[in-house]
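Here is the structure we will look at, set down as structure tokens.
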Amino acid sequence: MKLRMKFKKEGLTRFISHLDMMRTFERAFRRANLPIAFTQGFNPRPKITFTPALSLGVTSSSEYMDVEFYEDISKQDVVLKLNGALPEGIQVTDVEEADEKLPLSMLNCAKYVVTVILSEVGPEELIKSIKILLQQKEIIVEKNTKSGKKLVDIAPLIYSIDLADHNSDTANIVMSISIGQQGSVAPITVIRELERILLKKLEVVGIHREEIFYISGDKKISPFNVEENISPKESK
Amino acid sequence: MTIEKQLEKLLPLVSKPARYMGNEYNSINKDLNGIKVHIALAFPDVYEVGMSHLGIKILYHLLNEYPDIYAERVYAPWIDFEELMRKDGLPLFSLESKTPISKFDMVGFTLQYEMSYTNIINMLELSGIPILSSERNESHPFVIAGGPCAYNPEPLADIIDFFIIGEAEEAILDVIDLYKSFKERGESRQEFLENVAQIPGVYVPMLYNVSYNNDGTISGILPKKDHIPSVIQKRVIEDLDSVYYPTKFIVPYIDIVHDRAVLEIFRGCTRGCRFCQAGMIYRPVREKTVDRLEKLAKDIISSTGYGEISLSSLSTSDYSDLKRLTQVLTEDFRQCQVGLSLPSLRIDAFSLELAKKIQEIKKSGLTFAPEAGTQRLRDVINKGVTEEDLLSSVRDAFALGWNRVKLYFMIGLPTETYEDLKGIADLAYAVVDVYRQVNGHTKGLQVHVSTSTFVPKPFTPFQWESQITLAEIDERQQHLKKLLKKNKNIYYSWHNGKISFLEAVFSRGDRKLGRVLKIAHEKGCKFDGWDEFLDFDKWMSAFKEAKVDPEFYAYRKRPETEKFPWEIIDAGIDKRFLLLELEKAKKGQTTPDCRIRCHGCGIRRLGDGLCEIKNEV
Numbered sequence: 000m001k002l003r004m005k006f007k008k009e010g011l012t013r014f015i016s017h018l019d020m021m022r023t024f025e026r027a028f029r030r031a032n033l034p035i036a037f038t039q040g041f042n043p044r045p046k047i048t049f050t051p052a053l054s055l056g057v058t059s060s061s062e063y064m065d066v067e068f069y070e071d072i073s074k075q076d077v078v079l080k081l082n083g084a085l086p087e088g089i090q091v092t093d094v095e096e097a098d099e100k101l102p103l104s105m106l107n108c109a110k111y112v113v114t115v116i117l118s119e120v121g122p123e124e125l126i127k128s129i130k131i132l133l134q135q136k137e138i139i140v141e142k143n144t145k146s147g148k149k150l151v152d153i154a155p156l157i158y159s160i161d162l163a164d165h166n167s168d169t170a171n172i173v174m175s176i177s178i179g180q181q182g183s184v185a186p187i188t189v190i191r192e193l194e195r196i197l198l199k200k201l202e203v204v205g206i207h208r209e210e211i212f213y214i215s216g217d218k219k220i221s222p223f224n225v226e227e228n229i230s231p232k233e234s235k
Numbered sequence: 000m001t002i003e004k005q006l007e008k009l010l011p012l013v014s015k016p017a018r019y020m021g022n023e024y025n026s027i028n029k030d031l032n033g034i035k036v037h038i039a040l041a042f043p044d045v046y047e048v049g050m051s052h053l054g055i056k057i058l059y060h061l062l063n064e065y066p067d068i069y070a071e072r073v074y075a076p077w078i079d080f081e082e083l084m085r086k087d088g089l090p091l092f093s094l095e096s097k098t099p100i101s102k103f104d105m106v107g108f109t110l111q112y113e114m115s116y117t118n119i120i121n122m123l124e125l126s127g128i129p130i131l132s133s134e135r136n137e138s139h140p141f142v143i144a145g146g147p148c149a150y151n152p153e154p155l156a157d158i159i160d161f162f163i164i165g166e167a168e169e170a171i172l173d174v175i176d177l178y179k180s181f182k183e184r185g186e187s188r189q190e191f192l193e194n195v196a197q198i199p200g201v202y203v204p205m206l207y208n209v210s211y212n213n214d215g216t217i218s219g220i221l222p223k224k225d226h227i228p229s230v231i232q233k234r235v236i237e238d239l240d241s242v243y244y245p246t247k248f249i250v251p252y253i254d255i256v257h258d259r260a261v262l263e264i265f266r267g268c269t270r271g272c273r274f275c276q277a278g279m280i281y282r283p284v285r286e287k288t289v290d291r292l293e294k295l296a297k298d299i300i301s302s303t304g305y306g307e308i309s310l311s312s313l314s315t316s317d318y319s320d321l322k323r324l325t326q327v328l329t330e331d332f333r334q335c336q337v338g339l340s341l342p343s344l345r346i347d348a349f350s351l352e353l354a355k356k357i358q359e360i361k362k363s364g365l366t367f368a369p370e371a372g373t374q375r376l377r378d379v380i381n382k383g384v385t386e387e388d389l390l391s392s393v394r395d396a397f398a399l400g401w402n403r404v405k406l407y408f409m410i411g412l413p414t415e416t417y418e419d420l421k422g423i424a425d426l427a428y429a430v431v432d433v434y435r436q437v438n439g440h441t442k443g444l445q446v447h448v449s450t451s452t453f454v455p456k457p458f459t460p461f462q463w464e465s466q467i468t469l470a471e472i473d474e475r476q477q478h479l480k481k482l483l484k485k486n487k488n489i490y491y492s493w494h495n496g497k498i499s500f501l502e503a504v505f506s507r508g509d510r511k512l513g514r515v516l517k518i519a520h521e522k523g524c525k526f527d528g529w530d531e532f533l534d535f536d537k538w539m540s541a542f543k544e545a546k547v548d549p550e551f552y553a554y555r556k557r558p559e560t561e562k563f564p565w566e567i568i569d570a571g572i573d574k575r576f577l578l579l580e581l582e583k584a585k586k587g588q589t590t591p592d593c594r595i596r597c598h599g600c601g602i603r604r605l606g607d608g609l610c611e612i613k614n615e616v
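Residue numbers (numbering that gives the first Met the number 0), protein chains in the order written: chain A, 0 to 235; chain B, 0 to 616.
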């Protein structure tokens, strides 16, 4: 039986890397005494798949994982037991059967809220800079890869950027950007590009992943949607 | 700005922020209002090292069992975070409640190796606590220390207010009880120190006068007052099977050095290797029962979720019921995929069979520690391993499919000659030959030879011996390098000789070294046990400024009549026994395992029935 769980990663746990978080879950499942399935072979690993890695320092209310169990268990039971065994800051918020749902590896878009301090930059200026950035045909940035520095165009990786709301001190910039195998960009990279347009520093006080989904044309599918005509083969 | 706020700002800027954030599963949070004694348990090295240490874990959970005691953790901040802390004016804080260390009642350091001493000073400085004991007053915490290096407390005598010698599970509670009444009565710091000095196992250096002979050796360490003990006997837990052992270990987020559950199966060692301090100071051997261990193991796994449990001791193969213990545990953990790991295993047919079954050791290769290259020298150090033992184990291992072997040796052991160095190389080549005999080729074989330099340690038969000079260390390493480079299956690595030299200075040092430590710290020495941070020139100029000759401590062969700084401590081992062992070493005579026959080391003095070994001579 395979379950898809939605979880949040908040507070200090934002400083836990993806790899360390995977290990944290493996241990939490064992503490919770849940019948999770392991791979066969010399070095058995638990059968858990996660959504694409969250950058260090970013909180999220929308992480997902698929977990395989070697026997059937009730969804409520899993959530209750697992949450009792997780460290403060990581909590499962929802669970569904994973079958007939979009594979997590197909998720290609994430919505982030970036909170910046409005001291040197006013909201109008910020809106203007967002507009300028979105009008650029090409946004070339330097990216550190395993094989050294590389120039990448991030323009096609940005779906939208908006100034969602603001008060006298802070503003929330909401951006939907590409994640996953077809290319990804970090929210902080987008902020650095806005700074280049503004010629001023933006002090970021928080980055939060709010939603994660599959997007294709007008279609937007969340990991919990059952979407029959979106099996990997049919979605081109 | 609160420490939490400052932290939120700084954590995104440092490597591995999880080192400083606490909040790990099973870490303990308490309301500070109900706390009578607040104690910081400090490990003077980085988080990943400190979090791997069992002693601190035991004390942390033991103390936190008491509702009015709160024990928290603190580790040495890594270089990058320290820089930010100093720039931002962030004082050293505890991981749990983020309380500045200077606000604690006590700060307890564990002394696992001499090269961490400058980190202790650095941590005190980052806390805003005066470095010298004499400069602290009623507003400061008591700075205490324990652990193996506390068996020679003298180099830290100016810095540490008091030491707890030996196993601390009971002694620390005695100290805390006394502290509670001291706090209630509002007594002075001095009064407390004079009282704590009367608890067995506690050494308060400032209550003693040290006098020296003209040649710089010690003539006496004498208590300043009548009621202060003239010798401090180590504390020992009599019934290890029933002593407190934690099960809700903290589970770190980041990968630490020993990232697994730890089950301590016994203390002490009966082998009697003459260079080994642990084998002497942790006597006598006391085992836990299989039933108790099984229960602990199950509880530990269910409360930590670890996927691996390690059976910990000085010599795991010597556990009297190892076969049943490993059977029981493999049975218990089969379903939930928990692996067993058995460090410090003597490699023989049985352990290979075991290793194959639990599949743990295979990944990392097999490690053998013959320690010396020839039978003559192995007899001198009483390492009861023969070349035939080693080669037949290696043969079995190769036949079972292993192709990586690590061989550990020491260079500079007493009486070592170039013949013995050649013996190291001969053994390595013999291992290659065995592989060829078994497999018909040497493809894929890796024989890793590693040498460290012998450091004479207090309370061992070699405490009178000298260390070889830095020049000799270099020569012998180069010689081995030449001997070993002819075969491409053999890989040779060696420990930094300069670190071994400093270790030799501090392990048998006296109070005069306190000044050296302070000056070395002022020059920026820290993390000295880390090759990349050791700045030997700074150390040498610190010795010079303090007018202390390091060679006096490292190179000098001591006469039998000399009074040692560490003789203020009674480790339970008679000097007479150590001298006898030294004599036998010089004659190349071995002493059998004391499970076979008691050799009268003196440990029985510490309590009737304490030592399980029967048939005393």
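Using N, Cα and C, we set each Cβ at its ideal position, and we do this for glycine too.
Residue interval of the alpha helix (DSSP H) (run including residue i)
i	result
Ile475 (chain B)	The amino acid occupying residue 475 (chain B) in the given sequence is Arg; Ile does not appear at that position. First-last of the alpha helix (DSSP H) with Arg475 (chain B): 469-483.
Ala424 (chain B)	417-438
Ala167 (chain B)	167-184
Tyr59 (chain B)	53-63
Thr188 (chain A)	186-197
Span of the beta strand (DSSP E), counted from its first residue to its last, around residue i
i	result
Thr92 (chain A)	89-96
Gly219 (chain B)	217-222
Asn208 (chain B)	207-211
Tyr213 (chain A)	202-215
His165 (chain A)	157-165
Gly496 (chain B)	From DSSP, Gly496 (chain B) is part of no beta strand (DSSP E) but of the alpha helix (DSSP H) over 496-506.
Pro564 (chain B)	It is not in any beta strand (DSSP E) - Pro564 (chain B) carries neither H nor E in the DSSP assignment.
Phe49 (chain A)	47-49
Ile255 (chain B)	First-last for Ile255 (chain B): undefined, no H or E at that position.
Ser340 (chain B)	338-340
CB-CB length for residue i against residue j, believed under 8 Å
i	j	result
Leu53 (chain B)	Val261 (chain B)	5 Å
Glu263 (chain B)	Ser312 (chain B)	7 Å
Phe161 (chain B)	Val203 (chain B)	4 Å
Ile116 (chain A)	Thr169 (chain A)	6 Å
Leu626 (chain B)	Val327 (chain B)	Not covered by the structure: residue 626 (chain B). The range shown for chain B is 0 to 616.
Ser218 (chain B)	Ser229 (chain B)	Not quite, the Cβ-Cβ distance comes to about 14 Å (not below 8 Å), so this is no contact.
Pro369 (chain B)	Arg375 (chain B)	The Cβ separation is near 13 Å, so there is no contact.
Ile178 (chain A)	Ile206 (chain A)	The Cβ separation is near 14 Å, so there is no contact.
For residue i: DSSP bridge partner residues
i	result
Lys148 (chain A)	A:Asn143
Val446 (chain B)	B:Val404, B:Ile489
His37 (chain B)	B:Tyr69
Asp170 (chain A)	With the sequence shown as reference, residue 170 (chain A) is identified as Ala, and Asp is not the correct amino acid for it. BP columns for Ala170 (chain A) point to A:Val115, A:His165.
Ser177 (chain A)	A:Cys108
Met64 (chain A)	A:Met4, A:Phe49
Leu365 (chain B)	B:Val404
Ser311 (chain B)	B:Glu263
Quiz prompt | the region 112-126 of chain B in contact with the region 520-535 of chain B per 3-pair CB rule at 8 Å | solution = yes
Practice problem: For the region 290-322 of chain B, enumerate the residues whose C-beta is nearer than 9 Å to any C-beta of chain A, in chain order. | Solution: So the list reads Ile300, Ser301, Ser302, Thr303, Gly304, Tyr305, Gly306, given in the order they occur along the chain.
Quiz item: Looking at chain B, which residues of the region 69-96 of chain A have a Cβ within less than 9 Å of any of its Cβ atoms?
Solution: Of all residues in the region 69-96 of chain A, Ala84, Leu85, Pro86, Glu87, Gly88 have a Cβ within less than 9 Å of some Cβ in chain B.
Exercise. Decide if the region 263-273 of chain B is in contact with the region 579-594 of chain B; the criterion is three or more beta carbon pairs, one per stretch, under 8 Å apart.
Key: yes
Quiz item: Of all the residues that make up the region 323-340 of chain B, which are near chain A by a beta-carbon distance shorter than 7 Å?
Solution: Cys335, Gln336
Self-check item: Interface residues of the region 247-269 of chain B facing chain A [CB-CB below 9 Å]
Solution: Val250, Pro251, Tyr252, Ile253, Asp254, Asp258
Quiz item: Does the pairing of the region 546-557 of chain B with the region 180-198 of chain B give three or more beta-carbon distances under 8 Å?
Solution: No, they do not touch.
Quiz prompt | Residues within the region 44-62 of chain A neighbouring chain B, beta-carbon criterion of under 7 Å | solution = Gly56
Quiz item: Just by C-beta distance, which residues in the region 147-177 of chain B are closer than 8 Å to chain A?
Solution: So nothing in the stretch comes that close.
Practice problem: Name, going along the chain, the residues of the region 7-40 of chain B whose beta-carbon falls closer than 7 Å to a beta-carbon of chain A. | Solution: Leu10, Pro11, Pro16, Ala17, Met20, Asn22, Glu23, Tyr24
Self-check item: Cβ contact (3+ pairs, closer than 8 Å) linking the region 458-474 of chain B and the region 486-504 of chain B
Solution: yes
Quiz item: Of all the residues that make up the region 139-169 of chain A, which are near chain B by a beta-carbon distance shorter than 8 Å?
Solution: none
Quiz prompt | the region 67-75 of chain A touching the region 188-202 of chain A, judged by at least three CB pairs closer than 8 Å | solution = no
Quiz item: Name the residues in the region 185-205 of chain A whose C-beta lies less than 8 Å from a C-beta of chain B; which are they?
Solution: none
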